[in-house]
Amino acid sequence: MIKFFRKIRQNLLSEGKTGKYLKYAIGEIILVVIGILIALQINNWNEKRQNKLKVDNLLQKIQQDIETDISEIVRLTKFYAKKDSLIQLVLDNKLTKEDYQKPTSINLHYLIYNRDEINLKNIGYSNLMRVQDIIPQEYNSILEQLSTQYNDDFVYVDEAEERFNYSDHKFSDFLFEKYDWYSSQVPEFMNEERIDYFVNNVRHKGMVKKYQYYGIHN
Numbered sequence: 027m028i029k030f031f032r033k034i035r036q037n038l039l040s041e042g043k044t045g046k047y048l049k050y051a052i053g054e055i056i057l058v059v060i061g062i063l064i065a066l067q068i069n070n071w072n073e074k075r076q077n078k079l080k081v082d083n084l085l086q087k088i089q090q091d092i093e094t095d096i097s098e099i100v101r102l103t104k105f106y107a108k109k110d111s112l113i114q115l116v117l118d119n120k121l122t123k124e125d126y127q128k129p130t131s132i133n134l135h136y137l138i139y140n141r142d143e144i145n146l147k148n149i150g151y152s153n154l155m156r157v158q159d160i161i162p163q164e165y166n167s168i169l170e171q172l173s174t175q176y177n178d179d180f181v182y183v184d185e186a187e188e189r190f191n192y193s194d195h196k197f198s199d200f201l202f203e204k205y206d207w208y209s210s211q212v213p214e215f216m217n218e219e220r221i222d223y224f225v226n227n228v229r230h231k232g233m234v235k236k237y238q239y240y241g242i243h244n
């Protein structure tokens with residue numbers, strides 16, 4: 027193609043057709059510029075398409091993270107709902123020594139001395155924020171919702187978990203330092219001192235109330 031255009035220019039010059047040559051040269055320049063602009067437009071379109079595909083993949087990862095988080099929250103809700111029903115029995119003074127003496131009473135003995143953590147996932151969102159300069163504008167509404175979820179709600183849950191974890195460890199440390207029966211090798215449901223503490227100690231009921239606040243109501 028280049029040889030073809032060059033031959034045309036040479037013929038025009040050899041025939042002394044300078045005016046036509048100049049017009050042709052200008053036309054050729056315009057064609058080249060148009061070709062460059064088209065190439066740039068195609069390249070820009072391809073880049074946008076690739077960026078959108080990358081963002082879509084990251085959003086799909088976030089969706090998977092959220093679905094996993096929901097399953098985790100449902101599991102945890104069931105775990106603490108069961109605890110809450112037992113906690114209410116403690117606070118209403120409806121549990122007796124006989125309840126703690128049953129071999130199956132392990133959940134009562136460790137009612138506020140064990141917990142299950144929630145580990146929300148934010149890897150997908152973090153990866154998305156690393157490429158936020160290529161996110162298409164049509165995703166702005168999604169980004170606003172994700173920002174609220176991960177920058178506000180996520181932080182709130184994380185801080186609540188820290189407070190709950192600190193409180194739970196504090197309860198265990200208190201019993202370990204103050205009461206020998208807490209470290210006793212006697213099975214829990216046969217340990218009279220332990221059972222008496224759970225049934226009659228006012229401080230224990232206060233800690234149960236605090237556990238309910240930090241671990242369930244929060």
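Per this note's numbering, the sequence shown runs over residues 27 to 244. Where is the CB? At the ideal position from N, CA and C, for every residue including glycine.
Of the listed residues K196, K74, L134 and S193, nearest to L112 (C-alpha basis): L134
Cβ-Cβ distance between I88 and L172 below 8 Å: With a cutoff of 8 Å on beta-carbon distance, I88 and L172 are scored as near each other.
Residue nearest to D159 in terms of C-alpha spacing, selected from K74, K108, R220 and K128: K74
Among F105, Q114 and V116, nearest to N140 - alpha-carbon criterion: F105
Contact the segment 224 to 237 vs the segment 117 to 136: 3+ CB pairs below 8 Å: yes
Start-to-end residues for the alpha helix (DSSP H) that takes in N166: Under the DSSP assignment, N166 falls in the alpha helix (DSSP H) whose first and last residues are N166 to T174.
Distance, E98 Cα to V234 Cα: 24 Å
Cα-Cα separation between H243 and Q114, rounded to whole angstroms: Between the alpha carbons of H243 and Q114 lies a gap of roughly 13 Å.
Q67 (DSSP reduced to helix, strand or coil): helix
Touch test, the segment 153 to 168 against the segment 79 to 86, Cβ-Cβ under 8 Å, three pairs minimum: They touch, by the three-pair rule.
Local conformation of L39 per DSSP, three classes: Reliability fails at L39, whose pLDDT of 47 lies under 50, so the model's placement of it is uncertain and no value is given.
Ordered list of alpha helix (DSSP H) runs contained in the segment 55 to 127, each at least 4 residues: Segments of the alpha helix (DSSP H) lying fully in the segment 55 to 127: 123 to 126.
Residue environment, Y237, which counts as buried when at least 16 other CB atoms sit within 10 Å: buried
Assumed close pair I149, D91 - CB separation to whole angstroms, cut-off 8 Å: Contact holds; Cβ gap of about 7 Å.
Burial state of R220, where buried means 16 or more other Cβ atoms lie within 10 Å: buried
Three-state secondary structure assigned by DSSP to Y223: helix
Where Y192 falls: helix, strand or coil (DSSP): Looking at Y192 - three-state DSSP - the assignment turns out to be helix.
Alpha carbon of D184 to alpha carbon of L102, nearest angstrom: 15 Å
Beta-carbon proximity of F197 to K128, cut-off 8 Å: Here F197 is not near K128, since their CB atoms are 8 Å or more apart.
Cα-Cα separation between K204 and E170, rounded to whole angstroms: 50 Å
Simplified DSSP assignment, three categories, for R141: coil
CA nearest to the CA of K199, picked from N72, A65 and I138: According to the sequence as given, residue 199 is Asp; it is not Lys. Closest by alpha carbon: I138.
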